[in-house]
Amino acid sequence: MEHEKIEKKWQEIWEKERVFHAKDFDNKPKFYGLIEFPYPSGVGLHIGHIKAFSSMEVISRMKRLQGYNVLFPIGWDAFGLPTENYAIKHNIPPRVATDENIKNIKKQLKKSGFSFDWDREIDTTDENYYKWTQWIFCQLYKKGLAYKSKALVNYCPSCDVILSNEESQGGICDRCSSQVVQKEKEVWFLKIREYAERLLNGLDKLDFPERVKEEQRHWIGRSTGAEVDFGICINNKKVDKLTVYTTRCDTLFGVTFMVVAPEHPIIEKYKKSIENIEEVRAYQESAKKKSEFDRIQLNKDKTGVELKGIKGINPITNEEVPIFIADYVMLGYGTGAIMAVPAHDTRDYEFAKKFNIDIKPVIKGGDIEKEAYIDIQDGVMINSDFLDGLKVEEAKKKMLEYLEDKKIGQAKVNYQMKDWAFNRQRYWGEPFPIIYCDKCGTVLVPEEDLPVKLPAVKEFKPSKNGESPLAQVEEWVNCKCPKCGGKARRETDTMPQWAGSSWYFLRYMDPHNDKELASKDKLKYWGPVDWYNGGMEHVTRHLIYSRFWNMFLYDLGVVPFEEPYKKRSTQGLVLGEDGNKMSKSLGNVVDFTEIIDKYGADVLRLYILFMADYESAAPWSSKNINGCKRFLERVERMTSLVDKYDGVHGEHITMLNELINKVTNDINTLKFNTAISALMTFVNNIYQDKYLSKIEFSEFLQLLYPFAPHFAEEMNERLGNKTYICKSNWPVEKEDNSKKMINLPVQVNGKMKELIKVEFDISKEEVLKLIENNEKLAGFIAGGIKKVIFVPNKIINLIV
RNA sequence: GCCGAAGUGGCGGAAUGGUAGACGCACAAGACUCAAAAUCUUGCGAGAGCAAUCUCAUGAGGGUUCGAGUCCCUCCUUCGGUACCA
142 MEHEKIEKKW QEIWEKERVF HAKDFDNKPK FYGLIEFPYP SGVGLHIGHI KAFSSMEVIS
202 RMKRLQGYNV LFPIGWDAFG LPTENYAIKH NIPPRVATDE NIKNIKKQLK KSGFSFDWDR
262 EIDTTDENYY KWTQWIFCQL YKKGLAYKSK ALVNYCPSCD VILSNEESQG GICDRCSSQV
322 VQKEKEVWFL KIREYAERLL NGLDKLDFPE RVKEEQRHWI GRSTGAEVDF GICINNKKVD
382 KLTVYTTRCD TLFGVTFMVV APEHPIIEKY KKSIENIEEV RAYQESAKKK SEFDRIQLNK
442 DKTGVELKGI KGINPITNEE VPIFIADYVM LGYGTGAIMA VPAHDTRDYE FAKKFNIDIK
502 PVIKGGDIEK EAYIDIQDGV MINSDFLDGL KVEEAKKKML EYLEDKKIGQ AKVNYQMKDW
562 AFNRQRYWGE PFPIIYCDKC GTVLVPEEDL PVKLPAVKEF KPSKNGESPL AQVEEWVNCK
622 CPKCGGKARR ETDTMPQWAG SSWYFLRYMD PHNDKELASK DKLKYWGPVD WYNGGMEHVT
682 RHLIYSRFWN MFLYDLGVVP FEEPYKKRST QGLVLGEDGN KMSKSLGNVV DFTEIIDKYG
742 ADVLRLYILF MADYESAAPW SSKNINGCKR FLERVERMTS LVDKYDGVHG EHITMLNELI
802 NKVTNDINTL KFNTAISALM TFVNNIYQDK YLSKIEFSEF LQLLYPFAPH FAEEMNERLG
862 NKTYICKSNW PVEKEDNSKK MINLPVQVNG KMKELIKVEF DISKEEVLKL IENNEKLAGF
922 IAGGIKKVIF VPNKIINLIV
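As structure tokens, then:
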């Protein structure tokens, strides 16, 4: 079959018939299937995209035949670094580059035969789209959830851009792999931490894979503990308090020193009292130079400097303890200060060993000469006054009561998740709807003035002083204050990559609305997303950010559902033929457009879904794909076996029913590989029988349709069917009056001996009778049967 | 270190605690052909046997069970995530 011709033909027919069009407020049950919209980068799509999109594609194709009103949309996450870097590299304005790339990728997607509803195509860089991204920011600002503050940020010297923690994991820039350094900057933050608890608790109700939930939980990083007010004293006189965060307030009697982060404000406050301030300053400087990554790398070798001249006071024992600064304590977590209990914390232990500090055990057991002893399960308190004899959990509780009673401490929940650093010094992003006025301060752009359009510029490369290129566009930057009408300047930073993708699934439900981000009625009809498939790499950032925005919009009353995604699944990577991750440097990248040219989109999709379990990574094979090609050719030749029988042959009913059942279930559980193998088995069986009816063939083609839609449509037409498959109804199981026969395995002492063909639902007694009459099996039971395990329709096991 | 996933033929991979290796690839033999390709048929975990058949076999070692690739314990390896988070 000429795949090029028939694929083009059916793509045109589907488009003309508008079969993938999602109808608002239709009476049919709705199904909203979502895939992660692609970045329109210059290199086009990757074979991984094809796999990623194929799950919802297959499910959507089936669901439409099953009578669902399916929303399966597509769009472009076009702001952000990949596009901008491409534009800079090729010296093309980002707008032009984006449009070119979109055009190219759109062509690739259409050629691949995806059943997207193109009427709902969105583009995050379209001003009608980012108007609403800006609008959401305005609401966040109004609710006090967006703020600007000075902060140490991850800064990539090569890209000249500030990165979020998510974009600089491991201290490496996400985009260019350069080493990230720390820099102090005025940064916009979104208070995602205010939603931490809800983001965490919401997970329980969601149909996400457990590992996805675990990663999100870990990312949010909730820990329960206590803040305890230690004292600071100078010359034996208490002058201040120093609050620490601990999850182990039960060990308060074991504190032998304190540690604060190098940037902790007490150093500046008491610099006059610190005798070795020069040494301290030197340490602060060296810590600043180290990126967060370096700190981690050096985690075996603890460093620090004692703050001589000031001491900490343990509020329980009133003992004086030394205070150190050390870079193993982070300013950004807890209070930036800790109480150190070397006997029961590995880090404190290492530090104490190095600096010769006392190690005082407060939990029985272990050998503190060798290592810190940690037993939160069964540990029993010692050397701890009123806690002695209690187990750790009980001691925690009692200590906390004591602290709260004496007003020297309180229960405290902390989250590892930091507020979301929400700006970049780049051109290709959403401008902030923010104006700075000398008189009025920070002023929001009024809603009627949205969108704040991104001006066309000549110089879109990042400038070397770390400022956004927008800062150089005087006529854009200088504006009137919306409040007082006086001279004012616009915010020149832009929003990060994740902004536009944090709410795009909402826009799909009402993409052309110019009054609101989406009408509530349409959100109510389509939302929430029934099934969202995407990559494991977006589980912690994109998924959490978008859940946060959705929750916020829910609180505002704009969105009628709190959680945006009912169900989430993840595809495994397509690895290179050598088993490694595909990469240009390894030269193992497979160009899927070449595969389409050679084999067609149907064979490509069939093979991608057949090669392994959908959710696990699997290597590409240019040999194995032949099997899928041959399979379709075999199906094509099956035409010659079609007889004149009007109906389903009695002998084929069971087989066909099983196929319908299997394919339907497998598609619903992403087991595409076994669905396809069942289709193959069916064909093999038909070849054995050498006949099938037209109806059998037609239903087979319907089942094949989600995986090889063009081919199935073409074959269906050749069979003489007047109705397109895309407009047909998904096959259902037929009444089966035939006596169902099964092969029942017979085990003797747990070992398989024989298969006997029996009627379905046969009784134990009848089976035993058959066994007695079976020449071979009778021999085994000649010595008498001790015990019989009979599992109806499954197995019989004879213990002799 | 911690969290998660996984280890099954020559290869990709199937198996609600119940026939291990479905389906496909590769390979071999046969049919068709002048020949090749394509196609069709058959075989294809290892060992023993003319054979029927038997024994062994799902990373290693234990255990639970009538029965374990699947559940439990200990360990090894690989991959992914994460990390001085107090």
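Taking this note's numbering, the leading residue of the first sequence gets 142, the next gets one more, and so forth. Ideal Cβ placement from N, Cα and C applies to all residues, glycine included.
By DSSP's criteria, residue i is part of a beta bridge. Which residues make up the other side?
i	result
LEU832	Reading off the sequence, residue 832 comes out as Tyr, not Leu. Bridge partners of TYR832: none, in fact.
MET882	GLU900
GLU895	VAL887
GLN84	Residue 84 is absent from the structure shown; the chain starts at 142 and stops at 941.
PHE702	DSSP output for PHE702 lists no bridge partner at all.
ASN938	GLN888 and ILE930
TRP672	GLY174
THR711	GLY675
PHE330	TYR288 and ALA562
Can you give the Cα-Cα distance for residue i and residue j, rounded to whole angstroms?
i	j	result
ASN564	GLU600	19 Å
VAL700	VAL670	12 Å
HIS144	GLY741	5 Å
ILE361	VAL237	39 Å
PRO933	ILE243	58 Å
TYR271	PHE823	51 Å
ALA597	SER319	29 Å
LYS412	ILE418	6 Å
LEU175	LEU222	23 Å
SER710	PHE838	32 Å
ARG436	MET480	Note that ARG436 has pLDDT 48, beneath the 50 cutoff, so the model's placement of it is unreliable and the number below is only indicative. Their Cα atoms are separated by approximately 20 Å.
GLU433	VAL554	Confidence is the limiting factor: at GLU433 the pLDDT is only 48, short of 50, which leaves the residue's position unreliable and the question unanswerable from this model.
ASP634	LEU694	24 Å
LYS149	PHE257	16 Å
THR365	GLY473	17 Å
ASP508	PHE492	17 Å
GLY189	GLU799	32 Å
GLU510	ASP489	14 Å
GLU735	TYR649	31 Å
LYS665	LYS881	47 Å
What is the DSSP secondary structure of residue i, reduced to helix, strand or coil?
i	result
ASP218	coil
LEU684	helix
ARG565	strand
ARG202	helix
ALA597	coil
ASN168	coil
GLN613	helix
CYS867	helix
ASN824	Note that residue 824 corresponds to Val in the displayed sequence, not to Asn. VAL824 falls in the helix class under three-state DSSP.
ALA816	helix
SER290	strand
LYS624	coil
ARG746	helix
ASN721	coil
Determine the closest residue to residue i out of the options, with distance taken between C-alpha atoms.
i	options	result
MET677	ASN878, LYS905 and GLU355	GLU355
ILE180	ALA853, TYR227, THR795 and VAL211	According to the sequence as given, residue 180 is Tyr; it is not Ile. For TYR180, the nearest C-alpha among the options comes from TYR227.
GLU589	ASP655, LYS230 and GLN518	ASP655
LYS547	ASP662, VAL369 and GLY506	VAL369
ILE504	GLU491, ASP486 and ILE737	ASP486
PHE772	LEU845, ALA759, LEU833 and GLY728	LEU845
ALA562	LEU293, ASN870 and GLY861	LEU293
VAL533	GLU262, ASN691, LYS739 and THR392	THR392
LEU747	ASN168, ILE766 and ALA513	ILE766
PHE161	LYS192, LYS251, ASP218 and GLY185	LYS251
ALA513	LYS628, ASP499 and ASP526	ASP499
LEU340	VAL680, LEU714, ALA853 and GLU906	VAL680
GLY372	GLN843, MET399 and SER253	MET399
ARG778	GLU718, ARG859, THR810 and SER290	ARG859
Unbroken beta strand (DSSP E) runs of length 3 or more, entirely within the stretch 207 to 257: which are they?
-> Taking only runs of at least 3 residues, the beta strand (DSSP E) segments lying wholly in the stretch 207 to 257 are 210 to 212.
Which parts of the stretch 334 to 401 are runs of the alpha helix (DSSP H), unbroken and 4 residues or longer, counting only runs that do not cross its ends?
-> Counting only runs of 4 or more, we get 337 to 343 and 351 to 361.
Whole beta strand (DSSP E) elements within the stretch 406 to 473, 3-residue minimum = Runs found: 446 to 454 and 461 to 466.
Start-end ranges of the beta strand (DSSP E) lying completely within the stretch 470 to 542, minimum 3 residues | Counting whole runs of 3 or more residues, the stretch 470 to 542 contains the beta strand (DSSP E) stretches 478 to 481.
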